[in-house]
Amino acid sequence: VLYHSVVVHFENEMPIQVEDRYVNPNVAPDYLAQDFNSLTPNAYLMRVAPLQGVQFEIEARLPPSNILEMLHMPATEPCLLLHRQTQSLGQVASVAQMWHPASRYRFTGHF
């Protein structure tokens, strides 16, 4: 059985992401015992199950009503939806869908 969590992330009291994640308990057995108000799921997973690989896809989608409510969005605004699967310890560690309001978010980064 996979662990499941839904976490709303905020910046300056504004919701910017809904993270809907399934976690393999073999790589993170204490996942559901964490306080995700003080530590993000990603930060916890990076500590207990360091990444060996990531597969991801980003698409623009109109979110379902439950996501609209959590992100305090109008029904006509699209989201950037990140689908991500991570590998650690030789197996799939987590699978996540992360919804980001298009008007409040952009992806940036470097390696």
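In our numbering, the protein residues as written are -18 to 92.
Glycine is no exception: its CB is placed at the ideal position from the N, C-alpha and C atoms.
(message) Leu61 and Val(-1) - do their beta-carbons sit closer together than 8 Å?
(response) The count along the sequence shown starts at 1 and reaches residue -1 at position 18. The count along the sequence shown starts at 1 and reaches residue 61 at position 80. Their beta carbons are not under 8 Å apart, which means Val(-1) does not touch Leu61 by this criterion.
(message) At 4 residues or longer, what runs of the alpha helix (DSSP H) sit wholly inside the segment 35 to 84?
(response) Listed in chain order, the complete alpha helix (DSSP H) runs (minimum 4 residues) inside the segment 35 to 84 are 46 to 52.
(message) I need the DSSP call for Tyr3, collapsed to helix, strand or coil.
(response) For the purposes of this step, residue 3 is taken as the residue at position 22 of the sequence shown. Tyr3: strand per DSSP, three-state reduction.
(message) Looking only at its chain, what residues have a beta carbon closer than 6 Å to the beta carbon of Leu(-17), apart from the 5 residues adjacent to it on each side?
(response) The residue given as residue -17 occupies position 2 in the sequence shown. Cβ neighbours of Leu(-17) beyond the five flanking positions: Tyr3.
(message) How far does the alpha helix (DSSP H) with Tyr25 in it extend, from its first residue to its last?
(response) For the purposes of this step, residue 25 is taken as residue 44 along the sequence shown, with counting starting at 1. Element bounds for Tyr25: Pro22 to Val29.
(request) Just mark Val8 as buried or exposed, buried being the case when its beta carbon has 16 or more other beta carbons within 10 Å. (result) Residue 8 sits at position 27 when you count from the first residue of the sequence shown. Result: buried.
(request) For His(-15), collect the residues of the same chain with a Cβ closer than 6 Å to its Cβ; drop the 5 residues on either side in sequence, then sort them by chain order. (result) On the sequence shown, residue -15 is found 4 positions in, with the first residue counted as 1. Result list for His(-15): Tyr3, in chain order.
(message) Give me, in chain order, the residues of the same chain whose beta-carbon lies closer than 7 Å to that of Pro31; leave out the 5 immediate sequence neighbours on both sides.
(response) Here residue 31 is taken as the residue at index 50 of the sequence shown, counted from 1. Excluding residues within five positions, the ones whose Cβ falls inside 7 Å are Ser69.
(message) I'd like to know whether the C-beta atoms of Val35 and Phe17 end up nearer to each other than 8 Å.
(response) Along the sequence shown, read from residue 1 onward, the residue named residue 35 stands at position 54. Along the sequence shown, read from residue 1 onward, the residue named residue 17 stands at position 36. It is not a contact, given that the beta carbons lie outside the stated cut-off.
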